[in-house]
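Scroll down for the structure; my scribbles are underneath it.
Residue numbers (this note's numbering): 42 to 430.
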């Protein structure tokens with residue numbers, strides 16, 4: 042099970058926008074390309090075109106998918122596809138996932154069962170594609186026969202046809218072109234931050250994506266896998282006060298933020314969303330040894346919290362406060378990170394209480410929480426209060 046709402050979490054109004062928000066300027070190339078259906082299918086099959094994990098849930102029914110295929114066969118235009126060029130011959134779908142997957146499933150002659158689509162998304166995440174044995178399974182799929190309505194007095198010639206039984210229409214379908222807009226970021230060269238803006242502004246799925254949902258997809262790495270492992274640890278779930286992972290990955294973002302502050306808190310600059318995006322990008326380069334150490338460091342931190350009250354990181358209104366957690370996590374772990382050792386002491390409840398009664402710390406964890414001054418102030422106060430003697 043997963044949590045669908047963040048009612049357990051103290052809302053930091055400026056956490057993702059910040060009062061110091063700076064608009065980035067980009068140099069972006071946008072080029073139109075007309076690919077035929079066979080080429081698009083081969084791109085999807087080979088992994089040249091990838092669908093980000095948060096877009097992999099297929100939501101169209103067979104009637105809507107059939108109407109798209111019909112439009113392609115009879116030569117009616119369909120909306121263009123937007124692709125983001127990650128690297129040479131590597132593209133991410135920004136807009137057009139439902140259309141692309143409808144084409145893909147039709148050519149595979151299989152249509153996903155509605156009650157299995159979440160599982161299929163998980164399989165896609167794990168395998169990078171849908172294995173043939175799953176496609177052939179009647180548990181997950183049914184035959185994709187075009188479900189089209191007849192017109193009065195005139196039956197639809199395409200009704201109930203499959204890709205293989207298209208006959209004279211098959212060549213028309215295979216060679217029909219679809220306009221693809223390929224977007225490439227030229228500047229700045231050090232990151233791919235424009236893709237976040239493009240996803241936010243262009244995605245037409247009405248998903249209202251959160252930054253961490255995009256982050257976890259674009260920066261998938263062994264470090265991100267580690268965050269997912271520690272996120273289901275029982276001690277961590279107790280510390281959060283939530284038994285189940287959050288549907289919108291807010292708990293994963295809390296963990297990412299803790300490690301980002303641990304590594305780069307001293308050089309933090311608002312806005313928070315950009316800070317986390319850059320660290321997520323940096324963490325992709327962490328090697329196995331570093332990730333293994335960080336996982337052990339986190340578990341040692343959880344052990345150090347065993348004598349704390351269950352609501353140690355909560356506000357007076359009973360909400361988990363990310364700012365308090367990240368300050369305590371950073372102050373506790375930083376000395377050990379420098380030595381590549383593990384936390385070997387218990388955090389005292391009296392020190393947490395001292396933090397919660399410190400007027401400056403309270404202000405820095407409740408107002409303008411993502412501002413550079415307040416981030417650095419609360420880290421400084423936490424380090425002074427929790428300093429290991």
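Where a beta carbon is used, it is the ideal one built from N, C-alpha and C, also for glycine.
Fair warning: this is a prediction, and the values are worked out from it, not measured in the lab.
**OP:** Could you check what DSSP says for residue 37 in three-state terms: helix, strand or coil?
**Re:** One cannot answer for residue 37 here, as it falls past the ends of the chain, which runs 42 to 430.
Subject >> Span of the beta strand (DSSP E) around residue 257 >> reply: Premise fails: residue 257 lies in the alpha helix (DSSP H), 252-259, not in any beta strand (DSSP E).
Original post:
How is the alpha helix (DSSP H) around residue 191 delimited, first residue to last?
Top reply: Per DSSP, residue 191 belongs to no alpha helix (DSSP H) and is neither H nor E.
Original post:
In terms of residues, what are the limits of the beta strand (DSSP E) holding residue 219?
Top reply: 218-228
Original post:
Would you call residue 258 buried or exposed, if buried means 16 or more other Cβ atoms sit within 10 Å of its Cβ?
Top reply: buried
Subject >> Own chain residues within Cβ distance below 7 Å of residue 198, not counting five before or after >> reply: none
**OP:** Assess, as a yes-or-no matter, whether the stretch 333-342 is touched by the stretch 70-83 under the definition of 3 or more beta carbon pairs within less than 8 Å.
**Re:** no
Original post:
Mind checking residue 63: buried by the 16 CB within 10 Å criterion, or exposed?
Top reply: Because residue 63 sits at a pLDDT of 46, beneath the cut-off of 50, its placement in the model cannot be relied upon, and the following sentence gives the value as read from the coordinates. Classification of residue 63: exposed, given that the 10 Å Cβ count is below 16.
Subject >> Where residue 117 falls, given that 16 or more other Cβ within 10 Å makes a residue buried >> reply: exposed
Original post:
Looking at the unbroken beta strand (DSSP E) that takes in residue 84, where does it start and where does it end?
Top reply: Where residue 84 is concerned, there is no enclosing beta strand (DSSP E), although the alpha helix (DSSP H) it sits in stretches over 78-87.
Original post:
Counting Cβ pairs, one atom from each stretch, are 3 or more of them under 8 Å apart for the stretch 84-94 and the stretch 124-131?
Top reply: yes
Original post:
Would DSSP call residue 314 helix, strand or coil?
Top reply: helix
**OP:** Note down the Cα distance separating residue 411 from residue 185, rounded to an integer number of angstroms.
**Re:** 50 Å
Subject >> Pairwise C-alpha distance: residue 178 and residue 422 >> reply: 58 Å
Original post:
DSSP three-state call for residue 289: helix, strand or coil?
Top reply: coil
Original post:
Using a Cβ-Cβ cut-off of 7 Å (strictly less than) and excluding sequence neighbours within five positions of residue 239, which residues of its own chain qualify?
Top reply: 125, 135 and 224
Original post:
Which of the three DSSP states, helix, strand or coil, is assigned to residue 125?
Top reply: strand
Original post:
Should residue 245 be labelled buried (16 or more other beta-carbon atoms within 10 Å of its own) or exposed?
Top reply: Model confidence at residue 245 stands at a pLDDT of 47, short of 50, so the residue's coordinates are unreliable; what they give is reported in the following sentence. Exposed, because fewer than 16 other Cβ atoms sit within 10 Å of the Cβ of residue 245.
Original post:
Would you call the stretch 381-398 and the stretch 346-355 in contact, with 3 or more CB pairs under 8 Å?
Top reply: yes
**OP:** Label residue 260 either buried or exposed according to how many other C-beta atoms from any shown protein chain fall within 10 Å of its C-beta, with 16 as the threshold for buried.
**Re:** buried
Original post:
Does the count of Cβ pairs from the stretch 65-76 and the stretch 216-230 closer than 8 Å reach three?
Top reply: yes
Original post:
Which word fits residue 255, buried or exposed, when buried means at least 16 other C-beta atoms lie within 10 angstroms of its C-beta?
Top reply: buried
Original post:
Between the C-alpha atoms of residue 366 and residue 48, what's the straight-line distance to the nearest angstrom?
Top reply: 17 Å
**OP:** Using the Cα positions of residue 355 and residue 364, report the straight-line distance between them to the nearest angstrom.
**Re:** 10 Å
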